[in-house]
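J.: Supplied in structure tokens, the structure appears directly below.
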Amino acid sequence: MPDQPTCSVVVPVYNSEATLTPLIERLAAVLPTLSSQFEVILVNDGSRDKSWEVVSRLAEVYSWVHGINFMRNYGQHNALLAGIRAASHAIIITMDDDLQHPPEEIPKLLAKLAEGYDVVYGTPQEYPHGIWRTMASRITKLALQGAMGAETAKHISAFRAFRTQIRDALTNFQGPYVSIDVLLTWGTTRFAAATVRHEERAVGKSNYTFRKLIRHTMNMMTGFSAIPLQLASLVGFVFTVFGILLLLFVVGRYLIEGESVPGFPFLASTIAIFSGAQLFALGIIGEYLARMHFRMMDRPTYTIRSKTWE
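The sequence shown begins at 1359 in this note's numbering and counts up one residue at a time.
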């Protein structure tokens, strides 16, 4: 199949010894129909069960299955980053290890990608999550809107397909907190989504609890966005205006009526003014610190889409 792209499937693995074998069996039936060259990279993220033993056995049975074993648990996005950097084919597909992302839906992602996009998300029509998980997911997407745009963030999913050359934009990234979706925006703005089937979790329960999702959202907002600092600036500005208005009210009342509550109104307005001014100044300083923070992350100046020479 020389006209079809080669594919690397990256799967972060965490306590999923029961689902890995059926996942690989289903991928073994799908991937040969999509490309003549493919691989599956299973990244064991410090599992506490026998997941690594299963990965090792699968790697012996299937020559196109590769395993990476972490010394400890670092998180789903960290595992994805390791697998993405190890991928060797033109298209990278990421999916979960719990069979909620059907391998049979991969052709839909590749078909959308072939329309000229660089990243395609597999978005289910309805997520089979509880109310707290759904709420946390919405908060995460809201946090992503600043970096990705509202329309793109609405469709994000762990089921993705993207061109491997985008990896050049995140090759030098270093840091404990990783957001693959934000890193992808460093390399391209051509995002799209395809509606896919989303299956119920076959075994066990999700490792992504409400608390973990909120923590990931906070890490993402403070590590990849200046929105909290901008919010601090806004709060400081609002309180500064409030303090000035309060002071004008106190002075105006004194000039018109000739009386006021002795001491307290003026003191309250003064405290409000100086508190707001301090927050406003801290917000401005924070803006500069945020830009220094982005520089320290080695965010790329540009990403080359193609060359005219080999």
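All C-beta atoms in this analysis are idealised placements derived from N, C-alpha and C, irrespective of residue type, glycine included. Since the structure is predicted, the reported quantities are computational estimates derived from the model, not experimental observations.
Return the first residue and the last residue of the beta strand (DSSP E) that proline 1370 is part of.
T.: It spans 1365-1371 - the beta strand (DSSP E) in which proline 1370 sits, taken as one unbroken run.
J.: Grab me the residues of leucine 1542's own chain with a C-beta within less than 7 Å of its C-beta, minus the 5 sequence neighbours each way, in chain order.
T.: Excluding residues within five positions, the ones whose Cβ falls inside 7 Å are Val1477, Phe1520, Ile1524.
J.: Contact between the segment 1364-1380 and the segment 1394-1413: three or more CB pairs below 8 Å?
T.: These segments touch.
J.: Once you ignore the five residues that flank proline 1465 on each side, which residues in its own chain have a CB closer than 7 Å to its CB?
T.: Cβ within range, chain order: Leu1392.
J.: Pull up the distance between the alpha-carbon of aspartate 1407 and that of phenylalanine 1597, whole angstroms please.
T.: Computed Cα separation, rounded: 53 Å.
J.: Provide the residue(s) that pair with arginine 1521 in DSSP beta bridges, ordered along the chain.
T.: Answer is Ile1449, bridged to arginine 1521.
J.: Out of Asp1526, Gly1441, Gly1425, Asp1456, which has the shortest C-alpha to C-alpha gap to glycine 1545?
T.: Nearest of Asp1526, Gly1441, Gly1425, Asp1456 to glycine 1545, Cα basis: Asp1526.
J.: According to DSSP, is glycine 1441 part of a helix, a strand, or is it coil?
T.: Helix, per DSSP.
J.: If we define contact as Cβ-Cβ less than 9 Å, is valine 1599 a contact residue for chain C?
T.: Absent here is chain C; the protein component of the structure consists of one chain.
J.: Is phenylalanine 1549 helix, strand or coil by DSSP?
T.: Phenylalanine 1549 falls in the strand class under three-state DSSP.
J.: According to DSSP, is methionine 1650 helix, strand or coil?
T.: Of the three classes helix, strand and coil, the one that applies to methionine 1650 here is helix, per DSSP.
J.: Please state whether DSSP places alanine 1508 in a helix, a strand or coil.
T.: Because the pLDDT of alanine 1508 is 48, which lies under 50, any placement of that residue in the model is unreliable, and the number read from its coordinates should be weighed accordingly. Helix at alanine 1508.
J.: Glycine 1404 by DSSP, collapsed to three states: which one?
T.: Of the three classes helix, strand and coil, the one that applies to glycine 1404 here is coil, per DSSP.
J.: In terms of residues, what are the limits of the beta strand (DSSP E) holding isoleucine 1426?
T.: Run containing isoleucine 1426: 1423-1427, per the beta strand (DSSP E) assignment.
J.: How would you call phenylalanine 1622, buried or exposed, if buried means at least 16 neighbouring beta carbons within 10 angstroms?
T.: Phenylalanine 1622 comes out exposed.
J.: With 16 other CB atoms within 10 Å as the buried threshold, where does phenylalanine 1607 fall?
T.: By the 10 Å Cβ count, phenylalanine 1607 comes out exposed.
J.: Roughly how far, in whole angstroms, is the beta-carbon of proline 1380 from the beta-carbon of aspartate 1403, given that I think they are within contact range, below 8 Å?
T.: Rounded, the Cβ-Cβ distance is 20 Å, inconsistent with contact.
J.: Starting from the C-beta of leucine 1378, find all residues in its chain whose C-beta is less than 6 Å away, skip the five residues before and the five after it, and write them out in chain order.
T.: Here the set comprises Val1412.
J.: Just to confirm before moving on: does the CB-CB distance between histidine 1459 and glutamate 1375 stay below 9 Å?
T.: Cβ distance not < 9 Å, so histidine 1459 and glutamate 1375 don't count as in contact.
J.: Going by the C-beta, is leucine 1542 closer than 8 Å to any heavy atom of the ligand PLP?
T.: This structure lacks the ligand PLP, and indeed carries no ligand of any kind.
J.: Out of curiosity, what's the CA-to-CA distance linking threonine 1481 and arginine 1518?
T.: In a straight line, the C-alpha of threonine 1481 is about 9 Å away from that of arginine 1518.
J.: Could you please give me the residues that DSSP links to valine 1554 through a beta bridge?
T.: Its beta-bridge partners are Pro1482.
J.: Is it the case that the Cβ atoms of valine 1554 and leucine 1467 are separated by a distance below 9 Å?
T.: Yes, they are a contact pair.
J.: Quick one: give me the first and last residue of the alpha helix (DSSP H) that glutamate 1383 is part of.
T.: Taken as a continuous stretch (DSSP letters only), the alpha helix (DSSP H) holding glutamate 1383 covers 1378-1388.
J.: State the CB to CB distance for the pair alanine 1626 and leucine 1604, rounded to an integer number of angstroms; the pair is presumed to be in contact (CB under 8 Å).
T.: Between leucine 1604 and alanine 1626 the Cβ distance is about 7 Å, and since that is below 8 Å, they are a contact.
J.: Which of the three DSSP states is assigned to valine 1398 in this structure?
T.: The answer is strand: DSSP assigns valine 1398 an E or B state.
J.: Could you have a look at valine 1419 and say whether DSSP puts it in helix, strand or coil?
T.: In this structure, valine 1419 counts as helix in the three-state DSSP scheme.
J.: Distance, Cα to Cα, isoleucine 1451 vs alanine 1445?
T.: The alpha-carbon atoms of isoleucine 1451 and alanine 1445 are separated by roughly 10 Å.
J.: To the nearest angstrom, how far is it from the Cα of arginine 1443 to the Cα of isoleucine 1382?
T.: If I take the Cα positions, the gap works out to 21 Å.
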